[in-house]
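These notes are about the structure you will find just below.
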Amino acid sequence: MNFYNEMYDANGGVRAHYKGYEDWLKATPPERIDRKRAEADLAFHRVGITFAVYGEEAGKERLIPFDVIPRVIPASEWKSLRSGLRQRVRALNMFLHDVYHDQEIIKAGKIPAEQILNNAQYRPEMKGVDLPGQIYAHIAGVDIVRAGAGEFYVLEDNLRVPSGVSYMLEDRKMMMRLFPELFAKHKVAPVQHYPDMLLEKLRAVAPKGVSNPTVVVLTPGAYNSAYFEHTFLAQQMGVELVEGRDLFVKDEVVYMQTTQGPKRVDVIYRRLDDDYMDPLAFRPDSTLGVPGILKAYQAGNVTLSNAIGTGVADDKSIYPYVPDMIRFYLGEEPTLNNVPTYMCRKPDDLKYVLDHLPELVVKEVHGAGGYGMLVGPASTKEQIEHFRQLLIAKPDGYIAQPTLALSNCPTFVEEGIAPRHLDLRPFVLSSGKCVDMVPGGLTRVALTKGSLVVNSSQGGGTKDTWVLED
Amino acid sequence: MLSRTADHLFWMSRYIERAENLARLLDVTYQMSLVPQSLDAINQSWAAIIALNSLEETYAAKYSEVTGENVLKFMVSDPDNFASIHSCLRMARENAHAVRGTLTTEMWETLNSTWLEAREKTFDQLYQAGIGDYFEWVKMRSSLSRGTTLGTLLQDEAYHFIRLGTLLERADNTARILDVKYHVLRPQGDEGATDFYEWGALLRSVSAFEVYRKVYRDVITPERVAELLIFNKDMPRSLQFCLNSVIKNLELIANSNSGETQRQAGMLHAQLRYGRIEDILEHGLHEWLSDFMDRIYLLGNGISKDFLVPMEEAA
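Given below as structure tokens:
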């Protein structure tokens, strides 16, 4: 397979937007870079920029490997990516509002009703609930890959509790500290105002009549894999980081326990899945949530960000319909591509998938984190047979896509600088008024040679993402 | 501020202070064990440390006899002993981790790297290298964390809860050290050289040796040592100094529920402000200190109830 390389063109020449960096790289002694890499490791470790790994020793924290070669995106490419992202996220929010209200898209026959209404992520509790600005996904993490000859594809829309933005910010801070001279030479669009932008968006969606809202970040606690990010965002926004046990509901109003008594809470940026939010409404065994919060939410006394029930729009079984949503709600042609997707619940698609397993990527509909997937070309016969059985047993649990020739970027690995596959997760913020984002996003890179899985749970690393200004 | 956040800050600072005080106590006992004396006397002072922390049963379950090395091992690095320095540093870090967004970067980095370094140290290495170096390290790390707090943290509620935890813990520890040592060193008439070393060591354990000389410009007597550690208002580890700071910080965080706790703190403070060492010694120092420690304990509970535990649960 031929892979698009972010830095070099097909003839081995350096791409224009990487020229400056490549010159610097050639002129910089490898020992210096090595020293800087060690410095970065130490600093990340000391600061404790870590994530917890599930299934390993309890409470164990691991460093996410940081690569010092940036991923560079020219202004023109970013502009078209940005408008595609705005379009996509606007449509997704309209879709969410629609499925919990008039369900026009179902009536119009664009998406089969059972696909939406029988989806485990569809929350009937949200039917008829009106949200400020009609926004459901205030924060969307859209995973984008570059494939083939360099076109961008959306791999998935994360609309529940997307994480990684803290690494985006810390990576930039680290790069500026290690290599200030690079930033003097390049016009790299700043990203450090993200927390400000987030706070502004959260305040904008406060319940009606609240002019100076109290915003909090809700975390499942110190053992959650993204706990660092939760504390980081609360601190950067200057708001309280709360756990479920710090909150209580009285007369359909949410309060937090403070040293000066109860204080009303208006907007909750929650990093807790729907299932755990309210033991009275969802999982009764959840000790992480707040009893009664759903009622307070339905009464419009508190804003949850993201809204309850956004999962129905980022499910892999809904993903194939997003281009249709854009056409339906906005009357526009989608500017970002979807990856062609086979829905195994359709008999024709299933047949094709079963016949072509070694070429395809098969994903569990509700899976995440790189778990429960088959990468055909990289799998053994046994693994393929195993998935064949799974597919036959439960076809509606899976989708399949052609294996994309993900783009590469030069990356420091043990044998020196070598190409590794990567993706990009921009964080798209929506309030009633506008859809906005800082330039770039989090670039994740698969450190294992040939691997197409960039997830940090699967040993992926990160890179600083540069959007160059003209 | 969130009650839970205040709770973590309060306990974070208590655990750092506890680790430091433990290092001080173990250090002075270790130093004393090097002064010529009977093995019985040495082992007695090690046993006193176990008793001081009410750890007799836990200790006996692991070690058959009381020796310096065993007690050091148990109190320095035993992860199963929740009162060991190792455990205190871990608990300090865990509490800090739970509220790391409230701490300044410098504070978090100090506590986190203290724990990361502590975790790397094995007791045998420490003992071989000279355990005194380790105690110095613990004291320095505690100083560093107090210093980064003072030098970087906004002096708002978070700061007041941290100070409250530190000073309450310190008052308890100073009282404990004085109680156990005074008990062991009760004046018995033979005022030999050993006494001088022992009282000197006690003073050093609370960084008060030079202070004593400055204040009294005289030989070291047990009564004055007690007076210094209880009543001196300017010495950072004395009981009066600690209570001065406790009532000041309590006032700064007061809420509508905390009146009774403040009253209790004020009564205790008044005893230190207007008391006399002669009266205490006449009554019995041990009794007085026991009563003091009980009241510090109740004060801690009062603070928990008024500020830290969610009010509805406390009500």
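Taken in sequence, the protein lines are chains S and H.
In terms of the working numbering, the first sequence opens at residue 13 and continues consecutively.
In terms of the working numbering, the second sequence opens at residue 76 and continues consecutively.
Each residue gets a CB set at the ideal place from its N, CA and C atoms; glycine is no exception.
Tell me which residues share the same chain as residue i and place their Cβ nearer than 6 Å to its Cβ, disregarding the 5 neighbours each side in the sequence.
i: F367 of chain H; result: A250
i: E168 of chain S; result: D155
i: D82 of chain H; result: L383
i: G301 of chain S; result: G256, Y288, M289, D290 and P291
i: E68 of chain S; result: At E68 of chain S, the pLDDT of 47 sits below 50, so the modelled position is not reliable and the matter cannot be decided from this model.
i: A70 of chain S; result: For A70 of chain S, the pLDDT reaches just 44, beneath the cut-off of 50, and the residue's location in the model is therefore unreliable, although a value from the coordinates is still provided. Counting only Cβ-Cβ distances below 6 Å, and skipping sequence neighbours, we find nothing.
Between residue i and residue j, is the Cβ-Cβ spacing less than 9 Å?
i: K275 of chain H; j: I295 of chain H; result: Looking at the sequence provided, one finds Gly at residue 275 of chain H rather than Lys. In contact: G275 of chain H and I295 of chain H (Cβ atoms closer than 9 Å).
i: V479 of chain S; j: A87 of chain S; result: yes
i: L54 of chain H; j: A158 of chain H; result: Any question about residue 54 of chain H goes unanswered here, given that chain H covers just 76 to 390.
i: L416 of chain S; j: G160 of chain S; result: yes
i: M19 of chain S; j: P422 of chain S; result: yes
i: T243 of chain S; j: T226 of chain S; result: no
i: L93 of chain S; j: F164 of chain S; result: yes
i: V377 of chain S; j: M385 of chain S; result: no
i: S317 of chain S; j: Y267 of chain S; result: no
i: L245 of chain S; j: V261 of chain S; result: no
i: T418 of chain H; j: E252 of chain S; result: This structure leaves residue 418 of chain H out entirely; chain H is present only between 76 and 390.
i: Y16 of chain S; j: G162 of chain S; result: yes
i: R135 of chain S; j: V324 of chain S; result: yes
i: G24 of chain S; j: M138 of chain S; result: no
i: L318 of chain H; j: V254 of chain S; result: no
i: R283 of chain S; j: A238 of chain S; result: yes
i: S108 of chain H; j: G143 of chain H; result: yes
i: V141 of chain H; j: N118 of chain H; result: yes
i: V222 of chain S; j: D278 of chain S; result: yes
i: V447 of chain S; j: L211 of chain S; result: no
Tell me which residues share the same chain as residue i and place their Cβ nearer than 7 Å to its Cβ, disregarding the 5 neighbours each side in the sequence.
i: V203 of chain S; result: M180, L181, R184, V450, P451 and G452
i: A389 of chain H; result: With a pLDDT of 40 at A389 of chain H, under the threshold of 50, the modelled position of that residue is not reliable, and the figure given next carries that caveat. Excluding positions up to five away in sequence, the list reads K380.
i: A311 of chain S; result: E264
i: L360 of chain H; result: Y257 and A301
i: R165 of chain H; result: W190
i: F210 of chain H; result: A98, L101 and D102
i: G375 of chain H; result: L243
i: L366 of chain S; result: R400 and L403
i: G409 of chain S; result: E376 and V377
i: Y30 of chain S; result: M19 and V84
i: D326 of chain S; result: E168, D169, N170, L171 and R172
i: V335 of chain S; result: According to the sequence as given, residue 335 of chain S is Pro; it is not Val. Correct list, in chain order: P346 and N350.
i: L372 of chain S; result: V365, G388, A412, Q413, P414 and T415
i: T369 of chain S; result: The identity of residue 369 of chain S in the sequence shown is Leu, whereas the question assumes Thr. For L369 of chain S, where only same-chain residues beyond five positions count, the Cβ hits under 7 Å are G388, I396, F399 and R400.
i: W90 of chain S; result: P451 and V479
Mind listing the chain B neighbours of residue i? Cutoff is C-beta to C-beta under 9 Å, in chain order.
i: A81 of chain H; result: In summary, chain B is missing from the structure at hand, where the protein chains are S and H.
Is residue i near the ligand MG - that is, is its Cβ less than 8 Å away from at least one heavy atom of it?
i: Q99 of chain S; result: Summarising the ligand content, the structure contains no ligands, and the ligand MG is consequently not present.
In chain order, what residues of the same chain have a beta carbon less than 8 Å from the beta carbon of residue i, not counting five sequence neighbours either side?
i: L373 of chain H; result: Q339
i: V425 of chain S; result: R432, L459 and K461
i: K48 of chain S; result: V80, L190 and F191
i: H57 of chain S; result: L75
i: D293 of chain H; result: R299
Checklist entry - Hey, is the segment 330-346 of chain S in contact with the segment 92-108 of chain S, meaning 3+ C-beta pairs nearer than 8 Å? => result Yes, since at least three Cβ pairs between the segment 330-346 of chain S and the segment 92-108 of chain S fall closer than 8 Å, the two stretches touch.
Item to check | Cβ contact check for the segment 206-218 of chain S and the segment 135-152 of chain S: 3 or more pairs under 8 Å | outcome: yes
Checklist entry - the segment 157-174 of chain H: which residues have C-beta closer than 7 Å to a C-beta of chain S, in chain order? => result H172 and A173
Checklist entry - Quick one: complete beta strand (DSSP E) runs, 3+ long, within the segment 167-238 of chain S? => result 227-230
Checklist entry - Curious, which full-length alpha helix (DSSP H) runs of at least 4 residues does the segment 208-234 of chain H contain? => result Note on the segment 208-234 of chain H: there is no whole alpha helix (DSSP H) run with a minimum of 4 residues.
Item to check | Uninterrupted alpha helix (DSSP H) stretches inside the segment 255-304 of chain S (no shorter than 4 residues) | outcome: Secondary structure remark: continuous alpha helix (DSSP H) runs of at least 4 residues inside the segment 255-304 of chain S, in chain order: 286-289.
Checklist entry - Taking any Cβ of chain H, which residues in the segment 293-311 of chain S have a Cβ under 8 Å from it, in chain order? => result Of all residues in the segment 293-311 of chain S, none has a Cβ within less than 8 Å of some Cβ in chain H.
Checklist entry - What residues in the segment 124-136 of chain S have a beta carbon less than 7 Å from any beta carbon of chain H? => result none
Checklist entry - Which runs of the alpha helix (DSSP H), 4 residues or longer, sit entirely within the segment 147-209 of chain H? => result 160-173, 180-195 and 198-204
Item to check | Validate contact between the segment 226-237 of chain H and the segment 335-347 of chain H using beta carbons, cut 8 Å, 3 pairs | outcome: no
Item to check | Cβ pair count under 8 Å reaching 3, the segment 340-349 of chain H against the segment 317-331 of chain H | outcome: yes
Item to check | Length at least 4, wholly inside the segment 21-88 of chain S: the alpha helix (DSSP H) runs in chain order | outcome: 31-39 and 42-59
Item to check | Residue ranges of each alpha helix (DSSP H) within the segment 94-127 of chain H, 4 or longer | outcome: 114-127
Checklist entry - Between the segment 305-329 of chain H and chain S, which residues of the former have CB atoms less than 8 Å from a CB of the latter, in chain order? => result If you check each beta-carbon in the segment 305-329 of chain H against every beta-carbon of chain S, the ones closer than 8 Å belong to I328.
Item to check | Cβ-based contacts, 9 Å cut-off: residues of the segment 93-116 of chain S near chain H | outcome: none
Next on the checklist: Taking beta-carbon pairs under 9 Å, can you tell me which members of the segment 181-210 of chain H lie near chain S?
Outcome noted: W183, E184, N187, S188 and L191
Next on the checklist: Along the segment 227-255 of chain H, where does the CB come closer than 9 Å to a CB of chain S? Name the residues.
Outcome noted: E232 and F236
Next on the checklist: Counting beta carbon pairs with one atom in the segment 171-178 of chain H and one in the segment 111-125 of chain H, are three or more of them shorter than 8 Å?
Outcome noted: no
Checklist entry - Got a sec: which bits of the segment 243-257 of chain S sit with their beta carbon under 8 Å from any beta carbon on chain H, in order along the chain? => result Residues passing the 8 Å Cβ filter: T243, F244, A246, Q247, E252, L253, V254, E255 and R257.
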